[in-house]
Amino acid sequence: DVFGMDPTPEAFDRLEELLVSADVGVATATALADDLRSREGLTQETLPGALRDAMVEQLSKADRRLRLVKGRLSIWVVVGVNGTGKTTTIAKLANRAKSLGLKVSLAAADTFRAAAVEQLSEWGRRLGIDVVHQGQGADPGAVVFDAIAHARAQGYDLLVVDTAGRLHTKKPLMDELQKVMRVIARDTDAALAEVLLVIDATTGQNGIAQAKAFKEAANVSGLVLAKLDGTAKGGIAFAVERELEVPVKAVGVGEQASDLVPFEPQAYVDALVG
Amino acid sequence: SLSERLETAFGRLRRKGKLTKADVEEGLKEIRLALLEADVALPVVRDFVERVREEAVGEKVLRSLTPGQQIVKVVNDELVRMLGTNNRELRFADAPPTVILLVGLQGSGKTTVAAKLANQLKDRKPLLAACDLQRPGAVEQLRQLGAQIGVDVEGGEPNGDPIPVAKRALNKAVTENYGVLIVDSAGRLAVDEELMAQARAIKDAIRPTETFLVLDSMTGQDAVQTASAFNEKLEPTGAILTKLDGDARGGAALSLVGVTGLPIVFAAIGERIEDLEAFYPDRMASRILG
Ligand SMILES: Nc1nc2c(ncn2[C@@H]2O[C@H](COP(=O)(O)OP(=O)(O)OP(=O)(O)O)[C@@H](O)[C@H]2O)c(=O)[nH]1
Ligand SMILES: Nc1nc2c(ncn2[C@@H]2O[C@H](COP(=O)(O)OP(=O)(O)OP(=O)(O)O)[C@@H](O)[C@H]2O)c(=O)[nH]1
Ligand SMILES: [Mg+2]
Ligand SMILES: [Mg+2]
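These protein sequences, in sequence, are chains A and R.
Here the first sequence is numbered in my numbering, starting from 23 and rising by one per residue.
Here the second sequence is numbered in my numbering, starting from 519 and rising by one per residue.
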């Protein structure tokens, strides 16, 4: 049909609502819709595709590789608020790394929560990966220090550090995280290669506040969007990437060690805009 | 805040004289925006705005010297009314043990809530049942929490079937005179048919007095899907909202109530055992309004 109809105002409104319903947030949804509203040559038919293309375009510039530093011990620290999926994500990342031939070990630096060390240790047993721990109540910095020494002694490639869930509004807990980061920074030989913030795909706009606070406190280098196998669209990841330029580097799609996939902008946008 | 935004919107409009109904539509837009930014789900926001529309465009507002404040009052009152729907305390069974089942999405705070409830009901001789046999270390987590508060924990073997564990715990509670049985279950997706059937089977086996949907207060728009699916498949008797010690606006609370009418019976406000309190609709309303 060569003579397409102009998109109606309602059509733009509907797309805006669709985006809001996906947790993209009102500001981002309005910005995306306004971009389209100001465009020439769109039709009722081509509008949804134009939105998808615009979103994929915005997601296309990021470097989504998980960083490893050659010749040094690479360290990945996993952070985030309570219950988002950090410990499980670490098992998945370690599983992936090991299957790619990397020698990887884990640091059980959540020394606060009941059975946090046991949970990570069980994953380590299942995957055949060392877990350095000192038990509940230990100083997380001390655990990390030990874990780095162990990984270095064993000639490992990668150390992934589990940390306690912490609400970003709790200054003492964010200070504790910074203290752990300083332990890593003081080791001039190891390379802090990633600080990954795990965000629950069901999270609403609070995800932005979380990302801002963790970025400021611990210089987050990437996001992991967990639990995208549920009904939530995980639009918050788009909003965080747009506002803070922190790229999504992996997606959790289940509770098994194999349930981790790369972030694919087209698939993500297609599911989001449905 | 909403009242500041309404004052700005009406400030502009009032300069042309008395407010008209059309002017108040501006106010309704601000309400809609505020609620969406607070993570209230879109269909619930639409419903809510319609509900307050009549009063918001009523004479009381139009004649008021501070129409913005008047509208905020209308909104706040309706939020408190909705959030307080069926508001009540924990129900106990006519004959012990009172059985409480906790269900919800992964990571929402069920295991911690189980221990907090047991602690609060310590003088009724509670028994905890660790029926999450899926998550690595889940039984151990509840055992450690139980040890911390001196409450017995009945557990199962990893990867086993939770139903026999639940039945065994109920039997123990009955024969050994425990006053309350609190059953922790594995986190599950509302769309996971197999796990929702398993939760249903646990519920049918122990016939709980209370089945609580444990919901994370930072949940966004998905609260509607999750709440209605859990409501439909497991018929909870109430909800518990967690992690309210954070700064999420908590619109999920309104979404939950809006689509299920479930009472929110408890609020979890921290990681410590004592961090569980009654749910206060008026506090939640102010929080959502920001
Ligand atoms: N469906 C699904 N569940 C997940 C995913 N990632 C993690 N989970 C589940 O979410 C729950 C919480 O996961 P954890 O790894 O313990 O989360 P955490 O962030 O380490 O939690 P804390 O250490 O207590 O803050 C567990 O039941 C996991 O199995 C995912 O991608 N999909
Ligand atoms: N700050 C805060 N943290 C909480 C609250 N409730 C639970 N948590 C934390 O949230 C995380 C998840 O809690 P769990 O009790 O393991 O959650 P769960 O629902 O049992 O998780 P699954 O069994 O994996 O589905 C833990 O780190 C808890 O300490 C709360 O009210 N405030
Ligand atoms: Mg953890
Ligand atoms: Mg649990």
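C-beta: ideal position from N, C-alpha, C; glycine also.
For residue 181 of chain A, which three-state DSSP category applies? Numbered from its first residue, the first sequence carries residue 181 of chain A at position 159. Strand at residue 181 of chain A.
In angstroms with no decimal places, state the Cα-to-Cα distance between residue 38 of chain A and residue 626 of chain R. Here the question's residue 38 of chain A lines up with position 16 in the first sequence. Here the question's residue 626 of chain R lines up with position 108 in the second sequence. Distance between the alpha carbons of residue 38 of chain A and residue 626 of chain R is about 29 Å.
As assigned by DSSP and simplified to three states, the class of residue 238 of chain A: Here residue 238 of chain A refers to the residue found at position 216 when the first sequence is read from its first residue. Helix, per DSSP.
Counting Cβ pairs, one atom from each stretch, are 3 or more of them under 8 Å apart for the segment 124-135 of chain A and the segment 169-183 of chain A? yes
If you scan the segment 126-163 of chain A from start to end, which runs of the beta strand (DSSP E) of 3 or more residues do you find wholly inside it? 126-131
Would a check of beta-carbon distances place residue 601 of chain R closer than 8 Å to chain A? Start at 1 with the first residue of the second sequence, and residue 601 of chain R comes out as number 83. Residue 601 of chain R does not count as touching chain A.
Limits of the unbroken alpha helix (DSSP H) element including residue 680 of chain R: Taking the first residue of the second sequence as 1, we reach residue 680 of chain R at position 162. Taken as a continuous stretch (DSSP letters only), the alpha helix (DSSP H) holding residue 680 of chain R covers 680-693.
At a cut-off of 7 Å, would you count residue 184 of chain A as near ligand 3, judging by its Cβ distance to the nearest heavy atom? The count along the first sequence starts at 1 and reaches residue 184 of chain A at position 162. True, at least one ligand heavy atom lies under 7 Å from that Cβ.
For a contact defined as C-beta to C-beta under 9 Å, what are the partners of residue 247 of chain A on chain R? Translated into positions along the first sequence, residue 247 of chain A becomes position 225. Here the premise fails: no neighbours, minimum Cβ distance about 13 Å.
Does the beta carbon of residue 39 of chain A come closer than 8 Å to any beta carbon on chain R? Here the question's residue 39 of chain A lines up with position 17 in the first sequence. Taking Cβ atoms only, chain R reaches closer than 8 Å to residue 39 of chain A, which makes this a yes.
Could you check how far apart the C-beta atoms of residue 623 of chain R and residue 727 of chain R are, in whole angstroms? I think they sit under 8 Å. Position 105 of the second sequence holds residue 623 of chain R. Position 209 of the second sequence holds residue 727 of chain R. Not confirmed; about 23 Å, so no contact.
Counting contacts by CB-CB distance shorter than 8 Å, is residue 714 of chain R in contact with chain A? By 1-based counting over the second sequence, the position of residue 714 of chain R is 196. It does not: the Cβ of residue 714 of chain R has no partner Cβ on chain A nearer than 8 Å.
Among A/40, A/174, A/56 and A/91, whose alpha-carbon lies nearest the alpha-carbon of residue 214 of chain A? Your numbering for residue 214 of chain A matches position 192 in the first sequence. When only C-alpha atoms are compared, the closest one is A/91.
So, are the CB atoms of residue 632 of chain R and residue 702 of chain R less than 8 Å apart? As a first step, residue 632 of chain R must be located in the second sequence, where it is residue number 114. As a first step, residue 702 of chain R must be located in the second sequence, where it is residue number 184. Yes, Cβ-Cβ distance for residue 632 of chain R and residue 702 of chain R is below 8 Å.
Run the CB neighbour count on residue 225 of chain A, radius 10 Å, all protein chains shown included, and call it buried at 16 or more, exposed below. The sequence position of residue 225 of chain A within the first sequence is 203, counting from 1. Residue 225 of chain A should be labelled buried.
Can you pull the chain R neighbours of residue 48 of chain A, defined as C-beta to C-beta under 7 Å? As a position in the first sequence, residue 48 of chain A is number 26, starting the count at 1. Those are 551, 554 and 555, listed as they occur along chain R.
In three-state terms, what does DSSP make of residue 795 of chain R? As a working mapping, residue 795 of chain R is identified with position 277 in the second sequence. Residue 795 of chain R falls in the strand class under three-state DSSP.
Have a look at A/235, A/223, A/268 and A/232 and flag the residue whose alpha-carbon is nearest the alpha-carbon of residue 251 of chain A. Residue numbering aside, residue 251 of chain A sits at position 229 when the first sequence is read from its first letter. That would be A/223, whose Cα lies nearest to the Cα of residue 251 of chain A.
Say whether the segment 155-175 of chain A touches the segment 44-60 of chain A, bearing in mind that this needs 3 or more beta-carbon pairs closer than 8 Å, one atom from each stretch. no
Residues of its chain near residue 689 of chain R, where Cβ-Cβ distance is below 8 Å and the 5 sequence neighbours each way are ignored: Locating residue 689 of chain R in the second sequence gives position 171, where the first residue counts as 1. Once the five neighbours on either side are set aside, residue 689 of chain R has no close Cβ partner at all.
Sub-8 Å separation of residue 770 of chain R and residue 796 of chain R beta-carbons: Taking the first residue of the second sequence as 1, we reach residue 770 of chain R at position 252. Taking the first residue of the second sequence as 1, we reach residue 796 of chain R at position 278. No; because the gap between Cβ atoms is not below 8 Å, this pair is not in contact.
Report the residue from A/272, A/28 and A/151 whose alpha carbon sits nearest the alpha carbon of residue 120 of chain A. To locate residue 120 of chain A, count along the first sequence from 1; it is residue 98. When each option's Cα is compared against that of residue 120 of chain A, the closest is A/151.
Using alpha carbons as the reference points, say which of A/103, A/161, A/149 and A/148 lies closest to residue 130 of chain A. Start at 1 with the first residue of the first sequence, and residue 130 of chain A comes out as number 108. Here the closest residue by C-alpha is A/161.
Residue 300 of chain A, DSSP secondary structure in three states: Shown here, chain A extends from 23 to 296; a query on residue 300 of chain A therefore has no answer.
Whose Cβ in chain A lies nearer than 8 Å to the Cβ of residue 759 of chain R? Counting from 1 along the second sequence, the entry for residue 759 of chain R is found at position 241. Here the premise fails: no neighbours, minimum Cβ distance about 13 Å.
Three-way DSSP call (helix, strand, coil) for residue 221 of chain A in this model: The count along the first sequence starts at 1 and reaches residue 221 of chain A at position 199. In this structure, residue 221 of chain A counts as strand in the three-state DSSP scheme.
Distance cutoff 8 Å, beta carbons only. Does residue 626 of chain R sit that close to anything in chain A? Taking the first residue of the second sequence as position 1, residue 626 of chain R is located at position 108. It does; some Cβ of chain A falls within 8 Å.
Check residue 610 of chain R in the structure and name its three-state DSSP category. Here residue 610 of chain R is taken as the residue at index 92 of the second sequence, counted from 1. Residue 610 of chain R: coil per DSSP, three-state reduction.
Any heavy atom of ligand 1 closer than 7 Å to the CB of residue 118 of chain A? Translated into positions along the first sequence, residue 118 of chain A becomes position 96. Every heavy atom of ligand 1 is 7 Å or more from the Cβ of residue 118 of chain A, so no.
Give me the subset of the segment 87-121 of chain A whose CB atoms are less than 9 Å from a CB atom of chain R, sorted by chain position. 103, 104, 105, 106, 107, 109, 110 and 113
Nearest to residue 746 of chain R (by Cα), restricted to the options R/734, R/774, R/615 and R/761: Position 228 of the second sequence holds residue 746 of chain R. Per the Cα distances, R/774.
Buried or exposed by the 16-neighbour rule on C-beta atoms within 10 Å, applied to residue 661 of chain R: By 1-based counting over the second sequence, the position of residue 661 of chain R is 143. Buried, since its Cβ has 16 or more Cβ neighbours within 10 Å.
Can you look up residue 787 of chain R in the DSSP assignment and give me helix, strand or coil? The count along the second sequence starts at 1 and reaches residue 787 of chain R at position 269. In this structure, residue 787 of chain R counts as coil in the three-state DSSP scheme.
Going by other Cβ atoms of all chains shown within 10 Å of its Cβ, with 16 needed for buried, is residue 102 of chain A buried or exposed? Taking the first residue of the first sequence as 1, we reach residue 102 of chain A at position 80. Its Cβ being crowded by 16 or more others within 10 Å, residue 102 of chain A is buried.
Using 7 Å as the cut-off, classify the Cβ of residue 763 of chain R as near or not near the heavy atoms of ligand 2, replying yes or no. To locate residue 763 of chain R, count along the second sequence from 1; it is residue 245. Yes - ligand 2 has a heavy atom lying nearer than 7 Å to the Cβ of residue 763 of chain R.
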